[in-house]
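Q: Take a look at this one; I'll ask things after.
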Amino acid sequence: MGVAANLSKEPVVTSATKSLDPLFLAHGAPTLAIRDIPAHRFLRELGPKSVAPRGIVILSPHWETAGQKISAPGPLKTIHDFRGFSQELHNIQYDAVAEQSLVDAVAKQLNEAGIAFEEDASWGLDHGAWVPLSLTFPAPEVPIVALSLPHDSTPRSIQALGKALHPLGNQGILLIGSGSTTHNLSEIKPEGTPPPDWVLEFDAWLDEKMALGKIYAFDDMETAPHFRRAHPTEEHLLPVFFAMGAGGDHATPRLLHRSYDHGTLSMSYYRFSAGVN
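For the record, in the sequence shown the residue sitting at position 182 is 302 according to my numbering, with numbers rising by one throughout.
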């Protein structure tokens, strides 16, 4: 069992508290946890290069719910929400804890933003959360709160969720959106296949629009090049807007790493910080 770090009931910004910019982490296939591919190596190196967070709040597209939910205080079970993979993957346990004080801090910000939510003790960390976390922070020694993705989410609503939690970044809490910038499992290619043009063109469009730091740039996603080919359903793209909102007003991304897995899975990783008006 990982040991949860202590947070005060009301986290306070001090001179010793490092403000943390939010991240978007691609989680790809569950095998990312054990396959020696560029994205795996990047995540392994990201943690040691980063300031240790006092807590982590992560949104995964694999916890879709009617309305907003957050993990309840207590141990977070490792959910192996996949089939057809090796026993090695099923044996991985990421023993994280949602500490009461971190849950309270998340709840406080959601309440202040007028975002209705429920605490849920039935979930935990699905592979969209524990796979990237297990590589970046292999010892779950800080408290973690999981956020669900409501069924009716839009880029604007998820950006607003991120903005509501933005103050937590100033308290040394790391806000993470986990997903994929291209996610069409019906077009997965053999390992080592170079990315096709439609994948590259959608990623380029997304980079260009996010650099504007304006959420209205995503009001009509259907106009994006190859949008429905890149995302037959958009749940894996939406967490990028959580990280964007969590970066504050006019947040823009810095691309930390990009590689491609099985040709069509874009393994893109961003850090968001406030841009310029």
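From the three backbone atoms N, C-alpha and C, an ideal C-beta is built for every residue, glycine too. For clarity, every value in this text was computed on a predicted model and none was experimentally measured.
Report yes if the CB atom of I308 is closer than 8 Å to the CB atom of L140, and no otherwise.
A: No, the pair does not count as a contact, with Cβ atoms beyond the cut-off.
Q: Mind checking whether E355 and L269 have CB atoms under 8 Å apart?
A: In contact: E355 and L269 (Cβ atoms closer than 8 Å).
Q: Mind reading off the beta-carbon distance from P316 to T384? Whole number of angstroms is fine, and I expect it under 8 Å.
A: About 7 Å; that satisfies the 8 Å criterion.
Q: Using the DSSP secondary-structure output, state which residues sit across from V177 in a beta bridge.
A: V265, L295, per the DSSP bridge assignment.
Q: Can you tell me which of the three DSSP states H210 falls into?
A: It is helical.
Q: Please confirm if the segment 143-153 is in contact with the segment 226-236, defined as three or more CB-CB distances below 8 Å between the two stretches.
A: Verdict: no, contact absent.
Q: Excluding the five sequence neighbours on either side, which residues of its own chain have a C-beta within less than 8 Å of the C-beta of L375, listed in chain order?
A: Hits under 8 Å: D327, S388, Y389, Y390.
Q: Indicate the three-state DSSP secondary structure (helix, strand or coil) for E349 in the structure shown.
A: For clarity, residue 349 is Arg in the given sequence; the question names Glu instead. Helix, per DSSP.
Q: Using a 10 Å radius around the Cβ and a threshold of 16 neighbouring Cβ atoms, would you call D246 buried or exposed?
A: Buried, by the Cβ-count rule.
Q: Just the C-alpha distance for K138 and A186, rounded to the nearest angstrom, thanks.
A: Cα to Cα, K138 sits roughly 35 Å from A186.
Q: Please report how far the alpha carbon of A172 lies from the alpha carbon of A259, in whole angstroms.
A: Approximately 12 Å, taken between the alpha carbons.
Q: Could you give the C-beta distance for G289 and A366, rounded to a whole number, given that I count them as a contact under 8 Å?
A: Yes, they are in contact, since the Cβ atoms of G289 and A366 sit about 6 Å apart, within 8 Å.
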